[in-house]
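Residue numbers (the working numbering), protein chains in the order written: chain D, 5 to 675; chain L, 293 to 464; chain X, 229 to 346. Have a look at the structure below, then the notes.
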Amino acid sequence: MSHAIGALAIAAAGAWLAAAILGLGATRRVGLVASAVLSGVGGGGGVVCGVLLAVHGAGPTLTLGAGPVGGASFHLAPLAAPFIALLGLVAGAIALYAPWYHEPESGTAVYLLVYNLALLASLAVLIAGNVVAFLVAWETMALLCYLLILRHHTRPGVAQGAFLFIALSEIGFLMIVLAFAILATQTGSLDLATIAARAGHIHAGWRTAAYLLALCGFGFKAGLVPFHIWLPAAHPVAPADGSAFLSGLVIKLGVYGIALFGFTLLPGGPGWWGVATMGFGAISAVLGILYALMEHDLKRFLAFSSIENIGIIVTALGAGMTFTAYGQRAIGAFLLIVALYHTINHGTYKTLLFLEAGVIEHAAGTRDMDRLGGLIHRLPRTAVICLIGTVAIAALPPLNGFVSEWMLFQGLFQGFRISSHLVGILIVIAGALIALTGGLAINAFARAYGIPFLGMPRSGPAAHASETRQPLAGPALLAGACVFLALGAPLVLTALDRVARATAGIDIHSKLIVPKLTVIPAHTDFSGFSPTYLALFLLAISVVPILIFLAGRPRARSRRPPVWDGGILEFRPRMQYTATTFANPVRVTFEPLYRPSVHIERASDDPAGRSGPVHYRFEVMPIFERYLYRPLTRLAQTLANLARPIQSGDVNLYLLYLFVVVVIAYAVYAT
Amino acid sequence: MPASELERSAGLDELSGELRRRVARAFGRSLHIRTVDTGSCAVCESEIRLLAAPHYDLHRLGFFFTPAPRHADLLMVTGPAVRAADNLLLKAYDATPDPKVVIAVGACALGGVYPGDELVHGAVDRVLPVDVFVPGCPPSPLALLQGLLVAVGRLEERVSTLSLDLDTGSAG
Amino acid sequence: MAFWFYRGLRRGIATTRYPKTVDGWAGALPSPPAFHSARLTVESVDRLVAECPAGALSREQRELFVDLGRCTGCGRCVELGGGAVAPSGEFELAASDRSALVKRVPIRGRGEEHVAGF
Chain D
5 MSHAIGALAI AAAGAWLAAA ILGLGATRRV GLVASAVLSG VGGGGGVVCG VLLAVHGAGP
65 TLTLGAGPVG GASFHLAPLA APFIALLGLV AGAIALYAPW YHEPESGTAV YLLVYNLALL
125 ASLAVLIAGN VVAFLVAWET MALLCYLLIL RHHTRPGVAQ GAFLFIALSE IGFLMIVLAF
185 AILATQTGSL DLATIAARAG HIHAGWRTAA YLLALCGFGF KAGLVPFHIW LPAAHPVAPA
245 DGSAFLSGLV IKLGVYGIAL FGFTLLPGGP GWWGVATMGF GAISAVLGIL YALMEHDLKR
305 FLAFSSIENI GIIVTALGAG MTFTAYGQRA IGAFLLIVAL YHTINHGTYK TLLFLEAGVI
365 EHAAGTRDMD RLGGLIHRLP RTAVICLIGT VAIAALPPLN GFVSEWMLFQ GLFQGFRISS
425 HLVGILIVIA GALIALTGGL AINAFARAYG IPFLGMPRSG PAAHASETRQ PLAGPALLAG
485 ACVFLALGAP LVLTALDRVA RATAGIDIHS KLIVPKLTVI PAHTDFSGFS PTYLALFLLA
545 ISVVPILIFL AGRPRARSRR PPVWDGGILE FRPRMQYTAT TFANPVRVTF EPLYRPSVHI
605 ERASDDPAGR SGPVHYRFEV MPIFERYLYR PLTRLAQTLA NLARPIQSGD VNLYLLYLFV
665 VVVIAYAVYA T
Chain L
293 MPASELERSA GLDELSGELR RRVARAFGRS LHIRTVDTGS CAVCESEIRL LAAPHYDLHR
353 LGFFFTPAPR HADLLMVTGP AVRAADNLLL KAYDATPDPK VVIAVGACAL GGVYPGDELV
413 HGAVDRVLPV DVFVPGCPPS PLALLQGLLV AVGRLEERVS TLSLDLDTGS AG
Chain X
229 MAFWFYRGLR RGIATTRYPK TVDGWAGALP SPPAFHSARL TVESVDRLVA ECPAGALSRE
289 QRELFVDLGR CTGCGRCVEL GGGAVAPSGE FELAASDRSA LVKRVPIRGR GEEHVAGF
């Protein structure tokens, strides 16, 4: 079995490598389709590999040669299993989507080469068995994603978005390298399994430094606040399937890194590590959704929503670490399972939503919610698929987002079991913040679905959107996956329980799934519900209104006049809510947070009604850019300016430097 | 009145007893009224508003005001049917489910104040079929109550037997 | 308990009991005119017809037509009628037929016999 898992992983890697090479032939439709097919096959292999690895609980190790830094070794650890399965699912869905989305041309060829290699690099990150392999794979993946974002590099905003991505990715990478360097030097080994075994003996100060560096470094990739500013800049400008890959998978690699450090390499850390992680997560969740509500570009909105969901996942991870540190290992393992489950869920529905955003952009010509409307009539099947994704991400029953958020809340509400009252209160505060996030998310996604799809079209192109030749299979696959992840939650959770057993060392299967397919949060006396039966129940009681209608409908002939609209002449699109106005209550309530700059211009000073057009512009203040990044970059520039005289260009000065260094070297060597 | 209206009202006279009984059975003691203003001076509206006040209290008779024509049984139309309000009036009429009753209230609605021209029809019965006419400028709330009760058949009309001749007392 | 409740109990119920009884003051509301047909002459009627601002009065031969639908109850005909016209005090004027609102009053007065008024 272990060999089968390894073979599947190698097969997936090989398929993606082949897809990359075939992608170079995507200047013709044949090449495009062939590359997509191989990419999809690789995706399927990835899914099976991930599932088998999770269920089986151990995977093979493969070592490749020895180089100056010890060569590369690859090890399939159970913790990576959900991520590998998600990678496969995302790759498969995008493979079904790409042939309809891309045009066969040279830009697409380069893009597909880069994309498939990025899939390969992501797989390599997940199966890396030693520090060198991890770092090389990580940086390769980051550079390939940078090239991915630059697909349409001549369009406005693309270069800046890609630059922000790579700049922050490099800062994070620096921190990750430092974290690994600390661990490698203190344990004397580059192999991850050996580091995990010996990490308990490292001095506490080094361990803390390593963990904090890892949290921040991987937080840059994951998109935790305040490391998130690249997400809303880079996601909208990448092609739709590129954004889907970034948001569906790449940011989860940051989560994988945090989980790797928190549960595998440095387990048993003090409670405050978990609380700090939880704090980052909860704040990211709330700020993510608050900023999302102010966006009317669909993809920027989805990018902020990704920040929110990453916040939820990291909150679960942090809470899990906290509970474990205070002896509640069962709840700790439960919350790890929640984090992994939400990772898979979010990967599924966020990928779906980004792919659909691409469909909408192609069909209606714009991503601006204020220019869309009525798409449910023009793009009916897209609307249904998008509705499934929206209901899932808004955490509404019976879909998978609801199940994972319910489980998260049940885990957080058990904070009273912790002996430290302060930490218990902090956990409850985190729960309250996540609850606020949940409510705002429902508002945000009602807006994100209602404004573009319902009502009347607000612009000409939206009124003429067409669904012909738009990709449906990829998003439909993901919608089906959402439903399966919800109805089949007991199955998925059983697999994740095996992962948690292998990672955290504790088996809570009997305290997770009880008879009648019910999920309980690690304690039998707390709460429980069955996702499967809930879905069936909701389906069954939807019969009741149908029966009431059939029993009570009028028997006589009835007349069907138009909807009563108050007697106005005609209903015009401009009378509808826009995305901006729908979010107004939130804008007004959280104004001290947004600190908006509002500009109102009238065409003339005549009284209202005769003054001509009034222009209203509202801008959220970019707090992090202004108060964190700009001062830091100015500091860096100041320091660089101070150091500039050293590089005067004067050869004589350089010779002086050489002379001084040689003298010092002699002096040091002589003693 | 247009010729078609004359024919129609002649037919209604034959049926009026039967119609009254059927309408009374349909609405009985619960009637929802929706007022439509087609360009009045709003004094008729003040009198209509007084109906809900404690002094006249139309609720004790089972009458209620409703803003939605969908819920209405009776349309109370004021104003001389300004042409700009055609859309509004016809939409409200369409939106009111059958069976419905239309009463025209006030001298404007009865054709007494404005002649028909390019801005105004002049009388509501040039736009909609009117069942009961309530004269007055404005009709007092008591007159409105009588009009409503006649419309649902709980009171008999008195104006046909009314005499304005104080000497002979014969009805004109 | 609200003060108005006690005040209301002391003063009694002010709601009208219409249609069971007609309030005494209903006759004093503005109402269409009633005519002493014996005192009307063709000349006086013509004058009334000219003065009616609503155009509710019209004369055909020796018959005065009063269109109740047009009457606004302004009282000008009562003032200028010289005792021949009085407010009718009627308010129950609803009709299902528009033509039922046009009442006919015969003009039975002789011109020379009329003394008072104008």
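Note that the Cβ used here is the ideal one computed from N, Cα and C, for glycine as well.
- At a C-beta separation below 8 Å, residue 565 of chain D has these neighbours in chain L: 386, 387.
- Per DSSP, reduced to three states, the secondary structure at residue 423 of chain L is coil, with no helix or strand assignment.
- Residues of the same chain with a CB within less than 6 Å of the CB of residue 467 of chain D, apart from the 5 flanking positions on each side, are 461 in chain order.
- Close to residue 319 of chain X, with beta-carbon spacing below 9 Å, are these residues of chain L in chain order: 428, 431, 432, 434, 435, 438.
- Under the Cβ criterion of 8 Å, residue 421 of chain L is not counted among the residues facing chain D.
- The three-state secondary structure of residue 392 of chain L, taken from DSSP, is coil.
- Residue pairing by DSSP places residue 326 of chain L opposite L:367 in a beta bridge.
- Sequence-distant Cβ neighbours of residue 266 of chain X in its own chain, meaning closer than 8 Å and more than five residues away, are 336, 337.
- Along the stretch 441-459 of chain L, going in chain order, the ones with a CB nearer than 7 Å to a CB of chain X are 441, 442, 447, 449, 450, 451, 452, 454, 456, 457, 458, 459.
- Assigned with DSSP and collapsed to three states, residue 66 of chain D falls in strand.
- The beta carbon of residue 483 of chain D lies closer than 7 Å to those of 356, 389, 392, 393 in the same chain, with the five residues before and after it left out.
- For residue 293 of chain D, no beta strand (DSSP E) encloses it; the enclosing alpha helix (DSSP H) starts and ends at 275-297.
- In terms of Cβ geometry, residue 354 of chain D and residue 310 of chain D form a close pair [threshold 8 Å].
- Residues of chain D with a Cβ closer than 7 Å to the Cβ of residue 360 of chain L are, in chain order, 568.
- Neighbours of residue 571 of chain D across chain L, judged by C-beta separation under 7 Å: 379, 380, 383, 384.
- Residues of chain L whose Cβ lies closer than 8 Å to the Cβ of residue 296 of chain X are, in chain order, 427, 451.
- At least one CB of chain L lies nearer than 8 Å to the CB of residue 254 of chain X.
- For the 8 Å CB-CB criterion, residue 148 of chain D and residue 234 of chain D do not form a contact.
- Note on geometry: alpha-carbon atoms of residue 463 of chain D and residue 371 of chain D lie some 12 Å from one another.
- Residues of the same chain with a CB within less than 6 Å of the CB of residue 619 of chain D, apart from the 5 flanking positions on each side, are 605 in chain order.
- Taking 8 Å as the CB threshold, residue 247 of chain X lines the interface with chain L.
- Neighbourhood of residue 263 of chain X in chain L, by CB distance below 9 Å: 456, 457, 458, 459, in chain order.
- Interface flag for residue 365 of chain L against chain X is unset, since no Cβ pair is found closer than 8 Å.
- In terms of Cβ geometry, residue 262 of chain X and residue 314 of chain X form a close pair [threshold 8 Å].
- For residue 274 of chain X, no beta strand (DSSP E) encloses it; the enclosing alpha helix (DSSP H) starts and ends at 270-279.
- With a beta-carbon spacing of about 26 Å, residue 23 of chain D and residue 6 of chain D fall beyond the 8 Å limit used to define contacts.
- Residue state for residue 338 of chain L is assigned as helix, using DSSP reduced to three classes.
- Exposure of residue 625 of chain D is indicated by the presence of fewer than 16 other C-beta atoms within 10 angstroms of its C-beta.
- Residue nearest to residue 307 of chain D within the set D:296, D:431, D:126 is D:296 (criterion: CA-CA distance).
- Fewer than three beta-carbon pairs drawn from the stretch 402-419 of chain L and the stretch 240-256 of chain X are found closer than 8 Å, and the two stretches are therefore not classed as touching.
- No Cβ of chain X is located within less than 8 Å of the beta carbon of residue 369 of chain L.
- Below the 7 Å Cβ cutoff, chain L contributes 432 as neighbours of residue 257 of chain X, in chain order.
- Judged by DSSP in its simplified three-state form, residue 494 of chain D adopts helix.
- Residue pairing by DSSP places residue 446 of chain D in no beta bridge whatsoever.
- Going by beta carbons, residue 455 of chain D and residue 376 of chain D fall inside the 8 Å limit.
- Looking at the backbone, the Cα of residue 405 of chain D and that of residue 542 of chain D are separated by about 16 Å.
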